[in-house]
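A.B. asks:
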Amino acid sequence: MKKLYIATICAVLATAIVTSGVCWAEERFAFVNLQLISRKSVKAQQLQKKVQQLAETKKAALEKKRAEMMSLQEQIQKQSAMLKNDAREKMMKDLGIKEVEYKLAEQEAQNSLQNEQREVEEVFIRDISKVVAKLRTDKKLTAIFNSMMMLSFDDSLDLTDEVIKLYDAAPDTTARPAPPAPPKPKAGPK
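Those letters in the sequence shown? Residues -25 to -1, 1 to 165, by mature numbering (1 follows the signal peptide of the UniProt record, and there is no 0).
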C-alpha cells in the first residue's frame, strides 16, 4: 500500500512538472525601453516642453522679484546716510517684505514645477500603458516588460519603436477638459 501511495505521488508530480514545462513553452514575452520612448517620442517631448516652458516662466518671475529686491537694497545702501530714521526703517521693512515674498515665490515655483512634472509623468505612464496593453493583446503576448528591469534579452523581442509609433499616433489625452458652462438663470414668473 505504501509503495502504491509513493508511486501515485511521483506520477502526479511528474505530470505537473511535464505540463508546467509545456505551459511555459506557450508563453510569449516582449519588452520596451521607457526611457528611450520618453526621449524619442514626439508626444513625450511635447510633454517635457510644457514643463520647461513653465520652468522658464517661473524663473523669469523670480528674476523680476530678485531684481526688485536688489534695487531696493542698493537704494538703502546709497541713501542710508541721507535718510531719516523713519524713511530708512520703512525701506528696511519693505526690503524684508520683498525678501519674504521672494522666498515664498521661490517655494511656490518649486512646488508648481514638481506638481507639473508629476502630472506629466502620470499622463505619460497612463498613455503608454494603454498603448502597451493594446499591443500585448494584438500580438497575443503574455507580458511586456520594461527593459530596465531585464538583465539579458533577445533584441528581437524589443517593441520600443512600435510603441513610439503607436503612442505618437494616438489621440492627445493631455488636454484638460473645458470648464462647464455656467448654468442659465431660470426664467421666473412675470
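All C-beta atoms, glycine included, are put in the ideal place defined by N, C-alpha and C. Keep in mind the model is a prediction, meaning the values are calculated, not measured.
1. So the candidates are Ala56, Gln48, Arg3; which of them puts its Cα closest to the Cα of Met66?
2. Residues in its own chain within less than 8 Å of Val77 by CB, not counting five upstream and five downstream?
3. Measure the CB-CB distance between Ile139 and Ala5 and report whether it falls below 8 Å.
4. Sort out for me which residues DSSP pairs Asn121 with in a bridge.
5. So who's on the other strand from Asp133, going by DSSP bridges?
6. Taking only three categories from DSSP, how would you classify Ala56?
7. Is Glu1 close to chain D, meaning its C-beta is less than 8 Å from at least one C-beta of that chain?
8. Check whether the segment 97 to 115 and the segment 126 to 145 touch, using three or more Cβ-Cβ pairs below 8 Å as the test.
9. Residue 185: buried (16+ other C-beta within 10 angstroms of its C-beta) or exposed?
10. May I have the straight-line CA-CA distance separating Pro146 from Leu88, to the nearest angstrom?
11. Answer with buried or exposed for residue 245, where buried requires no fewer than 16 other C-beta atoms within 10 angstroms of its C-beta.
12. Quick check: Val95 and Val26, are their CB atoms within less than 8 Å of each other?
13. With 16 as the cutoff for other CB atoms within 10 Å, does Lys24 come out buried or exposed?
14. Let's test the definition: count the other Cβ atoms within 10 Å of the Cβ of Ile12 and tell me whether it reaches 16, buried, or not, exposed.
15. Exposed or buried, which one is Ala35 when buried takes at least 16 other CB atoms within 10 Å?
16. Would you check if the distance between the CB atom of Arg3 and the CB atom of Lys115 is smaller than 8 Å?
17. Check whether the Cβ atoms of Val17 and Leu134 lie closer than 8 Å to each other.
18. Would you mind giving the Cβ-Cβ distance between Met123 and Leu9, rounded to the nearest angstrom? I have them listed as a contact below 8 Å.
C.D. replies: Taking the geometry as given:
1. Put simply, of Ala56, Gln48, Arg3 the residue whose alpha carbon is nearest the alpha carbon of Met66 is Gln48.
2. The question names Val, but residue 77 in the sequence shown is Tyr. Leu37, Lys40, Arg41, Met44.
3. No, the pair does not count as a contact, with Cβ atoms beyond the cut-off.
4. DSSP, once it has assigned bridges, lists Val7 as partnering Asn121.
5. The partner list for Asp133 (beta bridge, DSSP) reads Phe6.
6. For Ala56, the three-state secondary structure derived from DSSP is coil.
7. As a matter of chain content, chain D is missing from the structure shown, which is built from one protein chain.
8. Taking one beta carbon from each stretch, the segment 97 to 115 and the segment 126 to 145 have 3 or more pairs nearer than 8 Å; the two touch.
9. The structure shown does not extend to residue 185, since the chain is modelled only from -25 to 165, so the question has no answer here.
10. If I take the Cα positions, the gap works out to 25 Å.
11. The question about residue 245 has no answer, for the chain in this structure spans -25 to 165.
12. Cβ atoms of Val95 and Val26: closer than 8 Å.
13. Exposed, by the Cβ-count rule.
14. Per the 10 Å Cβ criterion, buried.
15. When all chains shown are included, Ala35 counts as exposed.
16. Closer than 8 Å, so yes.
17. No, the pair does not count as a contact, with Cβ atoms beyond the cut-off.
18. Indeed, because the Cβ distance is near 7 Å, the residues count as touching under 8 Å.
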